[in-house]
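Everything on this sheet refers to the single structure shown next.
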Amino acid sequence: MQTHIDGCRIHYELVGEGEPVLFIHGFPLRGEMWSDTARRLAPRWRSIVPDLRGHGQSEATPQMSMARFADDLAELLDHVAERRPAVIAGLSMGGMITFEFFRRHRNRVRALILADTRAAAETPEGAARRDAIAEAALRDGSKTAADSMIDQVFAPNLSPTIRSHWYAAMAATSPIGVAAAARAMKGRADSFPTLPKIDCPTLVVVGEDDTLTPPSLMQDIAERITDSRFVVIPESGHVPPVEQPERFANVVAGFLEQLPPLTASR
Ligand code: MLT
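If you want it as structure tokens, here you go:
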């Protein structure tokens, strides 16, 4: 399905019936990374799964920010007539957007799922790396981003077929989208001051072998959030919903089942 938000075509999938969960993918991936999770939750949960602006089948715009990503998602919830507070689940860049969504749209949040992400603002070295990724993508195409990231994103034990599929997906991401998202991440706010303000149930989850956002980093995030649960997914790198779909979905389902009823959650 697709709609236009702020003049930009946004593709999204709706999976299942029930209470809402918004899934926000990582960089430079697409909503499809959640397809197994959404399918497993479908009997009980309504998953709203966009391709972020500049990714997958959504249109790219050259200037992006965490705020624009977050506002696109709030407008998408309006578009799918979702007025109930939603569980907001974000992986990596999706987690950075989740922090921004929480700051900007608190009344739309029922609970958070933070997967393999970071709370800190960009370091000077990180900023230089983001600029290099953006420039290479615009000059030589998104294959440059896929080449530089594939080994960091997926653990070596991932099946070669799945790995090739996601390499192709990364390489097929719009170069304008890659550059815009890389620069948006570079400009992200420090979310550490937000962590003690998170006043909803929060699942913090990470792949055991994630080298980009390792378990120690995620545990530190969990310890700063009052009502948090911290789970490490064995035998997974940076993208557990793709690398260990069943284990990941079971952890998410267990968290969702224990949420306070929707009417009493705010
Ligand atoms: C992601 O998965 O969104 C990226 O790895 C984020 C990053 O490069 O920090």
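Here the sequence shown is numbered in the numbering used here, starting from -16 and rising by one per residue.
Glycine is no exception: its CB is placed at the ideal position from the N, C-alpha and C atoms.
Are there 16 or more other CB atoms within 10 angstroms of the CB of residue i, so buried, or fewer, so exposed?
{"i": "D99", "result": "buried"}
{"i": "M201", "result": "buried"}
{"i": "Q227", "result": "buried"}
{"i": "D193", "result": "buried"}
{"i": "G9", "result": "buried"}
{"i": "S147", "result": "exposed"}
{"i": "S219", "result": "buried"}
{"i": "R23", "result": "buried"}
{"i": "E108", "result": "exposed"}
{"i": "D34", "result": "buried"}
{"i": "P244", "result": "exposed"}
{"i": "G78", "result": "buried"}
{"i": "M168", "result": "buried"}
{"i": "A43", "result": "buried"}
{"i": "P217", "result": "exposed"}
By DSSP, does residue i sit in helix, in strand, or in coil?
{"i": "I133", "result": "helix"}
{"i": "S18", "result": "helix"}
{"i": "I116", "result": "helix"}
{"i": "A98", "result": "strand"}
{"i": "P33", "result": "strand"}
{"i": "R23", "result": "helix"}
{"i": "I216", "result": "strand"}
{"i": "R249", "result": "In this predicted model, R249 has a pLDDT of only 47, less than 50, meaning its place in the structure is not dependable; the value taken from the coordinates is given anyway. If DSSP states are grouped into helix, strand and coil, R249 belongs with coil."}
{"i": "T185", "result": "strand"}
{"i": "R51", "result": "helix"}
{"i": "G170", "result": "coil"}
{"i": "V92", "result": "strand"}
{"i": "L(-3)", "result": "strand"}
{"i": "V161", "result": "helix"}
{"i": "P11", "result": "coil"}
{"i": "R250", "result": "With the chain running from -16 to 249 in the structure shown, residue 250 is simply not present."}
{"i": "S199", "result": "helix"}
{"i": "R230", "result": "helix"}
{"i": "R66", "result": "coil"}
Bridge partners for residue i per DSSP, in chain order?
{"i": "F6", "result": "A72"}
{"i": "I(-12)", "result": "C(-9)"}
{"i": "W28", "result": "E2"}
{"i": "G190", "result": "I216"}
{"i": "S211", "result": "T185"}
How big is the Cα-Cα spacing for residue i and residue j?
{"i": "T177", "j": "W28", "result": "27 Å"}
{"i": "T81", "j": "A53", "result": "7 Å"}
{"i": "F6", "j": "V222", "result": "13 Å"}
{"i": "F84", "j": "R93", "result": "12 Å"}
{"i": "A165", "j": "I116", "result": "7 Å"}
{"i": "L(-3)", "j": "L56", "result": "14 Å"}
{"i": "P198", "j": "I204", "result": "10 Å"}
{"i": "T127", "j": "A110", "result": "17 Å"}
{"i": "G73", "j": "S142", "result": "24 Å"}
{"i": "R122", "j": "V136", "result": "23 Å"}
{"i": "T20", "j": "S131", "result": "27 Å"}
{"i": "R91", "j": "T(-14)", "result": "20 Å"}
{"i": "E191", "j": "S75", "result": "15 Å"}
{"i": "A252", "j": "I208", "result": "No answer is possible for residue 252: the residues shown for the chain start at -16 and end at 249."}
{"i": "C183", "j": "V225", "result": "26 Å"}
{"i": "S125", "j": "Y150", "result": "10 Å"}
{"i": "S248", "j": "H88", "result": "Residue placement at S248 cannot be trusted, given a pLDDT of 46 that sits under 50; the coordinates are not used to answer."}
{"i": "R171", "j": "A120", "result": "20 Å"}
{"i": "G237", "j": "P139", "result": "28 Å"}
Consider the Cβ of residue i: report whether some Cβ of chain B lies at a distance smaller than 8 Å.
{"i": "D182", "result": "Protein chain content of the structure displayed is limited to a single chain, and chain B is not contained in it."}
Requested in this report: Give a yes or no on contact between the segment 9 to 19 and the segment 43 to 56, applying the rule of three or more CB pairs nearer than 8 Å.
Outcome: No, they do not touch.
Query raised in the report: Hey, is the segment 31 to 40 in contact with the segment 144 to 158, meaning 3+ C-beta pairs nearer than 8 Å?
Result: Flag = yes, the segment 31 to 40 and the segment 144 to 158 touch.
Requested in this report: For the segment 184 to 198 and the segment 211 to 220, state whether three or more C-beta atom pairs, one from each stretch, are separated by less than 8 Å.
Outcome: yes
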